[in-house]
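I have placed the structure first, in the form of structure tokens, so that the comments after it can refer back to it.
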Amino acid sequence: MTNLYGLPDEIRVEADGPIRIVTLNRPEERNPASTAMLFALTELAKALNSDAEARVAVLTGAGKAFSAGGDFQHFVRCSREPEVSHATLDNARAFISAMLDLRIPVVAAVNGAAVGFGATLAALSDIVLIAEDAFIAEPHVNIGLVVGDGISITWPFYMSMLKAKEFIFTGDRISAVDAVACGLANRTVAKAELLPEAIALARRLSAQPPEALRASKQLLNAYSRSMVASVLEPLLAQQFERTQSKEHAEIVQGMIDAQARKKQ
Numbered sequence: 013m014t015n016l017y018g019l020p021d022e023i024r025v026e027a028d029g030p031i032r033i034v035t036l037n038r039p040e041e042r043n044p045a046s047t048a049m050l051f052a053l054t055e056l057a058k059a060l061n062s063d064a065e066a067r068v069a070v071l072t073g074a075g076k077a078f079s080a081g082g083d084f085q086h087f088v089r090c091s092r093e094p095e096v097s098h099a100t101l102d103n104a105r106a107f108i109s110a111m112l113d114l115r116i117p118v119v120a121a122v123n124g125a126a127v128g129f130g131a132t133l134a135a136l137s138d139i140v141l142i143a144e145d146a147f148i149a150e151p152h153v154n155i156g157l158v159v160g161d162g163i164s165i166t167w168p169f170y171m172s173m174l175k176a177k178e179f180i181f182t183g184d185r186i187s188a189v190d191a192v193a194c195g196l197a198n199r200t201v202a203k204a205e206l207l208p209e210a211i212a213l214a215r216r217l218s219a220q221p222p223e224a225l226r227a228s229k230q231l232l233n234a235y236s237r238s239m240v241a242s243v244l245e246p247l248l249a250q251q252f253e254r255t256q257s258k259e260h261a262e263i264v265q266g267m268i269d270a271q272a273r274k275k276q
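According to this note's numbering, the residues represented by the sequence shown are 13 to 276, in order.
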């Protein structure tokens, strides 16, 4: 099966007529975002925008998870190599810009855990269907970092600021039902029906007048785009400081030690 756009194997892209089905493809590790995947996702967003035949994208995860967040080795590299942290944060800016500028709708089929970066991917999608047993969580604060970039410019619009603060400050899991109730997902779907329903919705959207749909998405994304200068830019500066902080380094070292104990 041909993988469109020449992306790494950990991001699988298939064509179904005008629909592009994007699958995060590291199922054994629950689809965490490696350094390479983070940069490839930015290229994916640009490629989708340049694909004249694409009308809608469906985003999901292989296996049991949507995305369990950042890859452990990526956290270690960012903590120990400032240049990697800088490059990652520059890419975060580019990725968010590419997603906000993407002309076609993105339907997220959240088939399992959407944690950290996984929660950001869902938040930057246009419509979110979530499996009944899936959950969303934003645990950046738990590991000594500030709130995730894409979440900072979306969650306060999707729910009350009070609820956003609670979930961000605690890192608590948000069940599928609660995600719908507070505005992080459109509806729950039985897991076996999730991807077919997402594709059916994508087909319906692909039949809409494309320029009207594009312009409407652009107007609605202006809410998040307006937060880039006032929220995202200060966040990226703060996030770099946090990746290099003693607090985060100690947490990362604790994670390394815990992994070493599991291997004994």
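Note that CB positions come from ideal geometry on N, CA and C, so glycine has one too.
Measuring C-alpha to C-alpha distances from Ala120 to each of Asp28, Asp21, Ala219 and Leu196 identifies Leu196 as the nearest. If you ignore the 5 residues before and after Tyr17, its C-beta comes within less than 6 Å of the C-beta of Val25 and Ala59, all in its own chain and listed in chain order. Phe147 has Ser187 as its beta-bridge partners, per DSSP. Contact between the segment 180 to 194 and the segment 153 to 161 is established, with three or more Cβ pairs separated by less than 8 Å. In this structure, Gly29 is the residue among Gly29, Ala52 and Val34 with its C-alpha nearest to the C-alpha of Ala64. The beta carbon of Met267 is closer than 6 Å to none in its chain, skipping five residues each way along the sequence. Between Ala125 and Arg42 the beta-carbon gap is near 6 Å, inside 8 Å, which marks them as a contact. Here Val189 is exposed, its C-beta having fewer than 16 other C-beta atoms within 10 Å. Counted as a single uninterrupted DSSP element, the stretch harbouring Thr166 is not any alpha helix (DSSP H), since DSSP gives it neither H nor E. Looking at the DSSP output, Leu36 bridges to Ile23 and Gly73. Remark: C-beta atoms of Pro39 and Ala77 approach each other more closely than 9 Å. Secondary structure remark: continuous beta strand (DSSP E) runs of at least 3 residues inside the segment 71 to 155, in chain order: 118 to 122, 139 to 143 and 147 to 149.
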